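Trainee: If you read the sequence shown in the numbering used here, its first letter stands for residue 2, the second for the next number, and so on.
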Amino acid sequence: MRKLEERRDYVLKSKMSQLFAEQKSVHILYSYDQQEKYIQQAVSYIQGGILAGDCILLIENDRLYPFIYNHLKALLTTDQMKMIHRINNFDFYYSSGSYHPPAILAYFNKSVQPYLDNKLSFRSWAHVEWSTMEDPLHLIEDFERIVDHAVNKLSFPLICAYKGERMPEYLQTILMETHPYVLMEDDLITSERYRPLTDVE
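#1: Unbroken alpha helix (DSSP H) runs of length 4 or more, entirely within the region 14-76: which are they?
#2: Should the region 174-191 be called in touch with the region 55-70, which here means at least 3 C-beta pairs below 8 angstroms?
#3: Is the region 86-104 close to the region 138-149, with three or more CB pairs under 8 angstroms?
#4: Anyone know if the C-beta pair for Asp34 and Gly165 falls short of 8 angstroms?
#5: Assign Pro169 to one of three DSSP states: helix, strand, or coil.
#6: If contacts are defined as beta-carbon pairs under 8 angstroms, then Glu170 and Arg194 qualify, I think. What distance do you get, rounded to the angstrom?
#7: According to the Cβ coordinates, are Leu73 and Gln48 closer than 8 angstroms?
#8: State the CB to CB distance for the pair Tyr39 and Ala127, rounded to an integer number of angstroms; the pair is presumed to be in contact (CB under 8 angstroms).
Given below as structure tokens:
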């Protein structure tokens, strides 16, 4: 059983490495259920990015960040750890006091500007959470469409992680339409529902 899991992990890492080697603009949806698997995926993605020479923008909550940090600290050098810039995801998504896509995008642009100014390649991992399910889901659609455009314009890889149990069917549909790739627990697939929006500025 363990060998099968290791084989799946190897195949998944190979698929992702090949995708990142073939194209710079990669927007991936990751729906997760198990916390331990989530941490493993985040660590693998960040480590792979650093080994490829990318700086990392990690948008994560205070509860899970220490677990990710401790795993990475055991795998990376002190200098490599300095390539990770972490932002508290609540501060990121609610910088304006509410879930407001233009404010979030402004925060993001400010965060990546040093990479752009210094011509440094980077990738991002964003743990998307919102305070209550009462937050209008159409705002998430607006935000993901804006982000998908930014990924293509700035040419960087981004994984957006959502907790599976907090994704009603309507939100799942939105996310499949706004992400060209979907990361499963042991596979990376192309979203057949993806609809690129070409007229976003």
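Glycine residues also receive a C-beta, built at the ideal position from the N, C-alpha and C atoms.
Note that the structure is predicted; figures quoted are calculated from it, not measured.
Mentor: Taking the geometry as given:
#1: With a minimum length of 4 residues, the unbroken runs of alpha helix (DSSP H) contained wholly in the region 14-76 fall at 36-52, 66-76.
#2: Result no; under three Cβ-Cβ pairs closer than 8 angstroms.
#3: Yes, the region 86-104 is in contact with the region 138-149.
#4: Yes, Cβ-Cβ distance for Asp34 and Gly165 is below 8 angstroms.
#5: Under the three-state reduction of DSSP, Pro169 is assigned to coil, being neither helix nor strand.
#6: Contact annotation, Glu170 with Arg194: C-beta distance approximately 13 angstroms; criterion of less than 8 angstroms not satisfied.
#7: In contact: Leu73 and Gln48 (Cβ atoms closer than 8 angstroms).
#8: Actually they do not touch by this definition, with Cβ atoms about 13 angstroms apart.
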